Structure formats: C-alpha cells, structure tokens
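Enquirer: Please find one structure pasted underneath; my questions will follow.
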Amino acid sequence: FLVDMRGEVRTRLREHPDLRPLDQDLLRLLSAWFDVGFLELRRITWDTSAALLEKLIAYEAVHEIQSWQDLKNRLADDRRCFAFFHPNMPDEPLIFVEVALVNGIAENVQTLLDESAPRGDPATADTAIFYSISNCQPGLAGVSFGNFLIKRVASELSQSLPRLKTFATLSPIPGFSRWLKSRLAEHAASGEEHELFDESEAQWLADLDPQGSADSALQRLIADAPLWAHGAEEASGVEERLGSILMRLCSQYLTSTTEGTRKRALDPVAHFHLSNGARVERINWYGDRSRRGLEQSTGMMVNYLYKLSDIEKNHEAYKDSGRIIYSSAVRKLLRT
33 FLVDMRGEVR
43 TRLREHPDLR
53 PLDQDLLRLL
63 SAWFDVGFLE
73 LRRITWDTSA
83 ALLEKLIAYE
93 AVHEIQSWQD
103 LKNRLADDRR
113 CFAFFHPNMP
123 DEPLIFVEVA
133 LVNGIAENVQ
143 TLLDESAPRG
153 DPATADTAIF
163 YSISNCQPGL
173 AGVSFGNFLI
183 KRVASELSQS
193 LPRLKTFATL
203 SPIPGFSRWL
213 KSRLAEHAAS
223 GEEHELFDES
233 EAQWLADLDP
243 QGSADSALQR
253 LIADAPLWAH
263 GAEEASGVEE
273 RLGSILMRLC
283 SQYLTSTTEG
293 TRKRALDPVA
303 HFHLSNGARV
313 ERINWYGDRS
323 RRGLEQSTGM
333 MVNYLYKLSD
343 IEKNHEAYKD
353 SGRIIYSSAV
363 RKLLRT
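Start counting the sequence shown at 33; every next residue gets the next number (this note's numbering).
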C-alpha cells in the first residue's frame, strides 16, 4: 500500500510541491523497510509463473520485450534473469537484471537479442554481460537496489559458472545526443573557433554542407541517422569518418563531470555504474541500431567493466573526488 501510495504522490509533485515532505517521509520509511538485507534474490526462468513473466514484459525499461518468443529467448540456457523480491511482496519484482553468457565482451544489442542466433553453452562462456536493468516499482524510486543486485548476481554466477572471468555491461548512453546538440547550439551562438572538431574534421563536415557549417552538417547527419545506420546507398562512405568523430565526442561526454564540489558523470547510466565501482571500458559504434538507440546516442552503446578486484577503489575514487576511471581504449579515443 505505501509503495503504491508513494508512487501516486510522485506523479503529483510537479503540480503539488507541498507534497514533497510527505514524499521524503515515505522514502525514509521505505528505505528502512526495503533494506537489502531483507531482500531475496531469485532467478527467473521460462518455468516461472506466467503472471510473473507478464510483469517482466510490462516492467522492462531498457530494451522492450517484443513477444513471448522474445522473452523465451532472454530466458534461454545461455541467459540469466535475476530479481530482488521482498517477503511482504512475494509476487512483485522490485528490480531485475538480464544477463547474457557469452565469450568476449558483447558490442551490439541486436546481435545479443537475435532470436535466430545459435544458443551458446553457458558452461564454456567466459563473460557475463549485464544488458538490461529495470526498476519495477515507481514508489521505490530513490531506494538503492541496483548496485547490490549487480554484485549479488556477479557473486552467484562466479560460484555456479567458474569459467566466467569477465563481468561487464552493454549499456545505453541516454544523454549523449542531447548533450551534443546542446554543445553544437552553444558554439553556433557564440561564433567562436570550433573546439569540438580538429581542422580536418571541421573541413570534412563543412564540405558536406557548403551552404552551412561543420555544426549544421553534423546536426543534419545526426538527423539522418536511420539512413547511414542501416546502410542506405545515399549514406555510403559517411559511416567510418562520422563514427570516428562521434566516438571521440562520446568519450569526452562519458568522462566529463558536472561542475561544483560534488562532481558526477554527465550521463545518468554512467553515474550509476561508476558509483558501483565499474570503469568505462569500450564505446561501441552501432551498438544499438533501434530507433531509440539512434535518437538518444546516435546508435552507440558502452561497456562498463566490473573488475571485482578494483570495484572498491574505483567506487571510492568516484565518490570522493568524482574521478572517472576508464580504459586505455577510451584514453586513446580522447587523444584522437
């Protein structure tokens, strides 16, 4: 009842800010009641009740489940799905994570979710890819489950599948396109020399739009993402050069922090994983060719690596000073 009540309160905060004290009181109460020590980690399989499986379809927030066959594929032998439950809400998942057991770090979510792809053998997999984490209860917004869920699942998988050596995500970059468009608009308004592109990049972009500028050319290319992302003939030759520019800009975005004393990553998903002790491992061009992926990140995705021996020190570096830990591959992108 209280979870649903807070969920309803939160929908009215914008119109009724006087409800904010009630919202905060409920948050404190629910944070105590839903302490991670009280939660049960449960694996969800195709044999789980249909009622609960229907809830997974409804609650999936990252990569929409298209059909029952799609869900069955996500619960196959080379996949895992785990959820946290509370004893007083045994039929309501609080948060769930979907995992693919593969060899090597995955770089494309469509390939990962391809229903026609051959099944892998979980016993020989060396990598666990966390590709979707969905919070299920709006009334529990602000109650931290995700960091504990990932660590618990990594521990569980390490014990049951000892060949697993790598734990990483394949994550969206929801704020990149918005950030890039804002930067381009700021530059166009200032009229100053361009800081986003080097000389050769600016010239290449300007040549694509002789009547405009490098800024307008890139904005047009972003708007035309469905063409070049799906191999349209009129976009031939654009992808490779455009990809190098956008991946470099994305590396800047993912390694930048907000101003002020309490620095945090600009991207909300990055903030979540960095807070948990992960590092920015690899940016994947064409990681997500869905309409949503093209709109929010020009089709790019990112891997965050959870190296179990480094989680605590990475977490402390980010928490104490806002320092973002990233791989040599990302460092190379920043230098190009």
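Backbone N, C-alpha and C fix where the C-beta goes; we use that ideal spot for every residue, glycine too. Just so you know, these numbers come straight off a predicted model, no measurement behind them.
1. Taking only the alpha-carbon atoms, compute the straight-line gap between ARG184 and GLY69 and give it to the nearest angstrom.
2. What residue range does the beta strand (DSSP E) around ARG367 cover?
3. Which residues does DSSP pair with THR198 in a beta bridge?
4. Give me, in chain order, the residues of the same chain whose beta-carbon lies closer than 8 Å to that of VAL423; leave out the 5 immediate sequence neighbours on both sides.
5. Quick check on LEU133: does DSSP put it in helix, strand or coil?
6. Within 10 angstroms of the Cβ of ASN316, are there 16 or more other Cβ atoms? Answer buried if so, exposed if not.
7. Taking DSSP as the reference, what is the three-state secondary structure of ARG215?
8. Where does HIS48 fall in DSSP's three states?
9. Classify ILE343 as helix, strand or coil using the three-state DSSP reduction.
10. HIS347 and GLY309 - do their beta-carbons sit closer together than 8 Å?
11. Please say whether LEU337 and GLU313 have beta carbons closer to each other than 8 Å?
12. In the structure shown, what three-state DSSP assignment does MET121 receive?
13. Just the Cα atoms here: how many angstroms apart are GLU147 and SER307?
14. Return the Cβ separation of SER187 and HIS95 in integer angstroms, given the expectation that the two are a contact with Cβ distance under 8 Å.
15. Does the beta-carbon distance from SER353 to ILE205 come in below 8 Å?
16. For the beta strand (DSSP E) that ASN335 lies in, which residues bound it at each end?
17. Following the continuous alpha helix (DSSP H) through ARG38, name the residue where it begins and the one where it ends.
18. Here's the rule: buried if 16 or more other CB atoms are within 10 angstroms of the residue's CB, otherwise exposed. What is SER209?
19. If I measure Cβ to Cβ from LEU281 and keep anything under 7 Å in the same chain, skipping five residues before and after, which residues do I get?
20. Are ALA155 and ASN135 closer than 8 Å when you measure CB to CB?
21. For ARG106, count the other beta carbons within 10 Å of its own beta carbon; 16 or more makes it buried, fewer makes it exposed. Which is it?
22. So what does DSSP say about ALA385, is it helix, strand or coil?
23. Nearest to SER327 by alpha carbon, out of ARG252, THR77, ALA246 and LEU34?
24. Taking only the alpha-carbon atoms, compute the straight-line gap between ALA349 and THR287 and give it to the nearest angstrom.
25. Restricting to runs no shorter than 4 residues, where is the alpha helix (DSSP H) found entirely within the segment 273-309?
26. Would you tell me roughly how many angstroms separate the C-alpha atoms of LEU85 and ASP342, rounded to the nearest one?
27. Check whether the segment 233-252 touches the segment 190-200, taking contact to mean three or more Cβ pairs, one atom from each stretch, closer than 8 Å.
28. I need the straight-line Cα distance from GLU139 to SER203, nearest angstrom please.
Expert: Reading from the atomic positions:
1. Going from the Cα of ARG184 to the Cα of GLY69 covers about 12 Å.
2. From DSSP, ARG367 is part of no beta strand (DSSP E) but of the alpha helix (DSSP H) over 360-367.
3. For THR198, which the question treats as bridged, DSSP gives the partners THR159.
4. Any question about residue 423 goes unanswered here, given that the chain covers just 33 to 368.
5. In this structure, DSSP gives LEU133 an extended state, which the three-state scheme calls strand.
6. The residue is buried, with at least 16 neighbouring Cβ atoms inside 10 Å.
7. In the displayed model, ARG215 falls within a helix according to three-state DSSP.
8. Judged by DSSP in its simplified three-state form, HIS48 adopts coil rather than helix or strand.
9. When DSSP states are grouped into helix, strand and coil, ILE343 belongs to the helix group.
10. Cβ distance < 8 Å, so GLY309 and HIS347 count as in contact.
11. Yes.
12. It is a strand residue.
13. Taking the Cα positions, GLU147 is about 33 Å away from SER307.
14. Between HIS95 and SER187 the Cβ distance is about 25 Å, and since that is not below 8 Å, they are no contact.
15. One thing to note: SER353 has its Cβ no nearer than 8 Å to the Cβ of ILE205.
16. Following the DSSP letters along the chain, one finds ASN335 inside the beta strand (DSSP E) bounded by residues 333-337.
17. Here the alpha helix (DSSP H) through ARG38 covers 34-43.
18. Answer is buried; the Cβ neighbour count reaches 16.
19. LEU212 and LEU228, listed in sequence order.
20. Going by C-beta atoms, ALA155 is not nearer than 8 Å to ASN135.
21. Counting every other CB atom within 10 Å of its CB across the protein chains shown gives ARG106 a total of 16 or more, marking it as buried.
22. Past the edges of the chain, shown from 33 to 368, lies residue 385, and the structure says nothing about it.
23. Before going on, a small fix: residue 327 reads as Glu here, not Ser. Answer by Cα proximity: ARG252.
24. Roughly 13 Å separates the two Cα atoms.
25. Listed in chain order, they are 300-307.
26. Those two C-alpha atoms are separated by around 35 Å.
27. The segment 233-252 vs the segment 190-200: no contact.
28. Approximately 10 Å between the Cα atoms of the pair.
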